[in-house]
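J.: Dumping the structure here so I can ask a few things about it.
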Amino acid sequence: MPERLALATTGHRVDEQMAAIREVLLAAVYQGEGWPGVFALAAAVLERRTQDLVRVCVLEERAIGTTWEQIGEPFKISADAARKRWSRYELVHREEIPEDGQEAPEAGGAPGRSD
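The UniProt record's numbering numbers the first residue of the sequence shown as 1 and each following residue consecutively.
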């Protein structure tokens, strides 16, 4: 299943980013002086990676038939809120990604949309 591969890949990227963030933050703390923006940058990277992981986990849940109500429950949101938040995401297969430097359409966007 492509969802499983995406989940494994995303999980690995989160793990790599966490290790890098940990090293940077430890260096800043042990040196006794953080440089401006280092902690905010670490938090922003972690937040983006976590959002990626959540999206892929939701795709995996939907692929195995989990309802929107079941997905929303751990987040303490309704089925409608979960559907609204995550239903537009889908996996983009490598062969669908343009190689000519053009930006790929956002997952879930209407074909041919340019906005």
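Built from N, CA and C at the ideal position, the CB exists for glycine as well.
Which stretch, first to last residue, makes up the alpha helix (DSSP H) that contains Phe-39?
T.: Element bounds for Phe-39: 38-63.
J.: Between the Cα of Val-45 and the Cα atoms of Gly-32, Ile-21, Trp-68, which residue gives the shortest distance?
T.: Nearest C-alpha to Val-45: Ile-21.
J.: By how many angstroms is the C-alpha of Ala-28 removed from the C-alpha of Phe-75?
T.: Each residue's alpha carbon lies about 33 Å from the other.
J.: Please report the Cβ distance between Val-14 and Arg-55, rounded to the nearest whole angstrom; I am assuming they are in contact, meaning their Cβ atoms lie under 8 Å.
T.: Not really, about 12 Å apart at Cβ, beyond 8 Å.
J.: Using 8 Å for Cβ pairs, my map puts Ala-63 next to Gly-72. What's the rounded Cβ distance?
T.: Actually they are not in contact, since the Cβ atoms of Ala-63 and Gly-72 sit about 17 Å apart, beyond 8 Å.
J.: According to DSSP, is Lys-76 helix, strand or coil?
T.: Three-state DSSP puts Lys-76 in coil, outside helix and strand.
J.: Is the separation between the beta-carbon of Glu-60 and that of Leu-5 shorter than 7 Å?
T.: No, the pair does not count as a contact, with Cβ atoms beyond the cut-off.
J.: For Cys-57, I'd like the list of residues in its chain whose CB is within less than 7 Å of its CB, leaving aside the five on either flank, ordered along the chain.
T.: Leu-7.
J.: How many whole angstroms separate the CB atoms of Val-24 and Ala-42, which I take to be in contact at a CB cut-off of 8 Å?
T.: Yes, they are in contact, since the Cβ atoms of Val-24 and Ala-42 sit about 6 Å apart, within 8 Å.
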